[in-house]
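Structure first, commentary second.
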Amino acid sequence: MEKNEKENMVEVNENGRVTEDEEPEHNYRGIKAMPFIIGNETFEKLGAIGTLSNLLVYLTTFFNMKRFTATTIINVFNGTTNFATLIGAFFSDTYFGRYKTIGFGSISSFLGLLVITLTAAIKNLHPPHCHSDDIDKCIGPTSWQIAFLLTGFGFMIVGAAGIRPCSLAFGADQFNPKTESGKNAINSFFNWYFFTLTFAQMLSVTLVVYIQSDISWSIGLAIPTLFMLVATILFFVGTRIYVIVKPEGSPMTSVVQVLVASIRKRKLLVPEEPWLSLYNYTPEKSINSKLHYTEQFRCLNKAAIKRPEDEINPDGSPADRWTLCTLQQVEETKCVVRVLPIWAAAIVYHVAIIHQQQYAVFQALQSDRHLGKSSFQIPAASYTIFSMLSLTLFVPVYDRLIVPNLRKLTGKEEGITLLQRIGIGVCLGVLSSLVSGFVEERRRTLALTRPVLHSKKGAVSPMSALFLVPQISIAGLAEAFAAIGQVEFYYKQLPENMRSFAGAFLFCNAAASSYVNSLLIVVVHKTTEGAATGNWLPEDLNKGRLDYFYFLVAALGSINVCYFLLCSKWYRYKGTEVGNYNGQTEMKKLDKHVA
358 MEKNEKENMV EVNENGRVTE DEEPEHNYRG IKAMPFIIGN ETFEKLGAIG TLSNLLVYLT
418 TFFNMKRFTA TTIINVFNGT TNFATLIGAF FSDTYFGRYK TIGFGSISSF LGLLVITLTA
478 AIKNLHPPHC HSDDIDKCIG PTSWQIAFLL TGFGFMIVGA AGIRPCSLAF GADQFNPKTE
538 SGKNAINSFF NWYFFTLTFA QMLSVTLVVY IQSDISWSIG LAIPTLFMLV ATILFFVGTR
598 IYVIVKPEGS PMTSVVQVLV ASIRKRKLLV PEEPWLSLYN YTPEKSINSK LHYTEQFRCL
658 NKAAIKRPED EINPDGSPAD RWTLCTLQQV EETKCVVRVL PIWAAAIVYH VAIIHQQQYA
718 VFQALQSDRH LGKSSFQIPA ASYTIFSMLS LTLFVPVYDR LIVPNLRKLT GKEEGITLLQ
778 RIGIGVCLGV LSSLVSGFVE ERRRTLALTR PVLHSKKGAV SPMSALFLVP QISIAGLAEA
838 FAAIGQVEFY YKQLPENMRS FAGAFLFCNA AASSYVNSLL IVVVHKTTEG AATGNWLPED
898 LNKGRLDYFY FLVAALGSIN VCYFLLCSKW YRYKGTEVGN YNGQTEMKKL DKHVA
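Here the sequence shown is numbered in my numbering, starting from 358 and rising by one per residue.
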């Protein structure tokens, strides 16, 4: 490497220490690196969201697929894409590091968008245009046309697996977590990260979606592809000033070791004073914060019971971590296990958000989308901009006005606790589904009594599609609380060496929601086909009862709110000392014992 490159690149390992030239910590260049990192993510979202947000319309109108088929494909694609982030996080932390993983993911996303663009640009790669109002009379795609389309989806899945779990953590790597200014910058970074990305998505679902739906699919899909190419180039341009953390093995191995060791020692009894008796050892160069003993999940404590046959290395570490783990390892594993119930509570919440991205589009297609009395119609997929708009407008207000005032009242760094922030979002998700049900009931009634025209999918209601704005906007506010709150929650509550996995947790939650949503739709289809009300989710929404479906989701969401409240009451934040020992006296004993 050239001398000037060494002066500009800082390479550190997972403990935050500089590795090669022992550069001092003031070489963290958080602000200077942000344009390249957020710029990469912004253009990636301009590309990916510009395509993904309109894929339902593309598959149903350009590929002549039925709504049920298209919705199922999108749900499976979204679910697989989000679950793939776990694989990306594993390879990032174990082998490649966040820098290389993001770079590889950017290239793969570009190739995926390019393949999807070709399906619209080349005549033989899509079915012929259908002029019939009956979708059953249209010629569907051939097997190899679908295979080519799914190849593009495959590249995008690989790209998302590389970018999504690592981008946020890679941005946080650029700030020094040991300084007060660095800590404050990281806290604001989460809010402004989402603000910038949401702004990019707004541009994507308006201008790009309009070009796709009303001008040309070929041009409209080529623009996001170009955006992704710019994102890839921009990311590599900033290479010289990045703080690059080297991978040091998967942190999930430590979690599995604790589980295996605790099972092997399940017949042993936990000592009376486990905070003093359990084997404890902390590597000097560990990036993870020191954790004290906690009472929850006491069965895992058995992994740290030292037996006579358990050997110890000269440096104090266990010779075989599959039979003997340290108290620090056990407590780190507890952090992971403790987060899982909260993670599960967000699944049903995300189902409500998914419907504002899918069925709200179908509602718009069968509503009056004209802007005033003009002939211009707002593209159906563009209505999701109101979700992004509400999030974009609220985040800076929350970060700069609400949080500082709440901080004065509560004395908490975030203003309110992370679980309180997530809980507000979960409740808003229920409200969004309720409003959606009432709006759909009005849209359907007007469509059946006073239709303005008929389309391939059924009669169009005279109700303005702008009546969909409240439900979509509430969903955006829910994301401002729950989604951003979840990212910060996982980032701060999981061990520090699991930051890539923390980034993947939110996407895995969305993945589970996609599969749950698909299952829910299938169950509703099967159970309502022979009902007196008829199928709730047919091709023509006017012949179904989408409003009942929304109310069903709201009911499930209400049950989920109760579950979330119970989980929140039970949860203990990382670093909170919970035990049967005598407070500060025993804590001093513990510190002395560890020393």
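Where is the CB? At the ideal position from N, CA and C, for every residue including glycine.
Exercise. How would you call valine 754, buried or exposed, if buried means at least 16 neighbouring beta carbons within 10 angstroms?
Worked result: exposed
Problem set entry | Local conformation of glycine 815 per DSSP, three classes | strand
Problem set entry | Bounding residues of the alpha helix (DSSP H) (the contiguous stretch that carries valine 754) | 742-754
For this session: Could you check the C-alpha separation between alanine 390 and glycine 595 for me, to the nearest Å?
Result: 7 Å
Exercise. Taking C-beta to C-beta, are threonine 451 and proline 604 nearer than 8 Å?
Worked result: yes
Exercise. Quick one: is proline 381 buried, meaning 16 or more other Cβ sit within 10 Å of its Cβ, or exposed?
Worked result: Note that proline 381 scores a pLDDT of 42, beneath 50, so its modelled location is shaky and nothing firm can be said.
Exercise. Going by other Cβ atoms of all chains shown within 10 Å of its Cβ, with 16 needed for buried, is arginine 902 buried or exposed?
Worked result: buried
For this session: Could you name the residues that DSSP lists as bridge partners for glutamine 734?
Result: His727
Exercise. For histidine 383, which residues of its own chain have a beta-carbon under 6 Å away from its beta-carbon, when the five flanking residues on both sides are left out?
Worked result: Reliability of the predicted coordinates at histidine 383 is poor, the pLDDT of 39 falling under 50, and the value obtained from them is presented with this limitation in mind. For histidine 383, where only same-chain residues beyond five positions count, there are no Cβ hits under 6 Å.
Problem set entry | Endpoints, the alpha helix (DSSP H) within which isoleucine 479 is located | Isoleucine 479 -> no alpha helix (DSSP H), and no H or E assigned at all.
For this session: Please report the Cβ distance between glutamate 689 and serine 611, rounded to the nearest whole angstrom; I am assuming they are in contact, meaning their Cβ atoms lie under 8 Å.
Result: 7 Å
Problem set entry | CA-to-CA distance, valine 694 to tyrosine 650, given in whole angstroms | 15 Å
Exercise. In or out: leucine 776 buried (at least 16 other Cβ within 10 Å) or exposed?
Worked result: buried
Exercise. Going straight from the alpha carbon of histidine 727 to that of glutamine 720, what length do you get?
Worked result: 14 Å
Exercise. Taking all protein chains shown into account, do 16 or more other C-beta atoms lie within 10 angstroms of the C-beta of valine 613, making it buried, or fewer, making it exposed?
Worked result: exposed
Exercise. Among Ile699, Ala832, Val910 and Arg929, which one has its Cα closest to the Cα of leucine 863?
Worked result: Ile699
Problem set entry | Straight-line gap, proline 808 to valine 433 (C-alpha atoms, nearest Å) | 34 Å
Problem set entry | Where isoleucine 773 sits in the DSSP three-state scheme | coil
Problem set entry | For cysteine 523 and serine 465, believed in contact at Cβ under 8 Å, the rounded distance | So it is not a contact: roughly 13 Å between Cβ atoms.
Problem set entry | Closest by C-alpha distance to aspartate 530, when choosing among Arg856, Ser915 and Cys924 | Arg856
Exercise. In three-state DSSP terms, what is arginine 565?
Worked result: In the sequence under discussion, the amino acid at residue 565 is valine, which differs from the arginine named in the question. If DSSP states are grouped into helix, strand and coil, valine 565 belongs with the helices.
Exercise. So, is lysine 691 buried or exposed, given that buried needs 16 or more other C-beta atoms within 10 angstroms?
Worked result: buried
Problem set entry | Exposure of lysine 647, with buried meaning 16 or more beta-carbon neighbours within 10 Å | exposed
Exercise. Taking the alpha carbon of methionine 609 as the point to measure from, which residue in Asn899, Ser870, Glu853 and Phe906 has its own alpha carbon closest?
Worked result: Glu853
Exercise. From lysine 624 to glutamine 686, what distance separates their C-alpha atoms?
Worked result: 20 Å
Problem set entry | Distance, leucine 805 Cα to glycine 891 Cα | 15 Å
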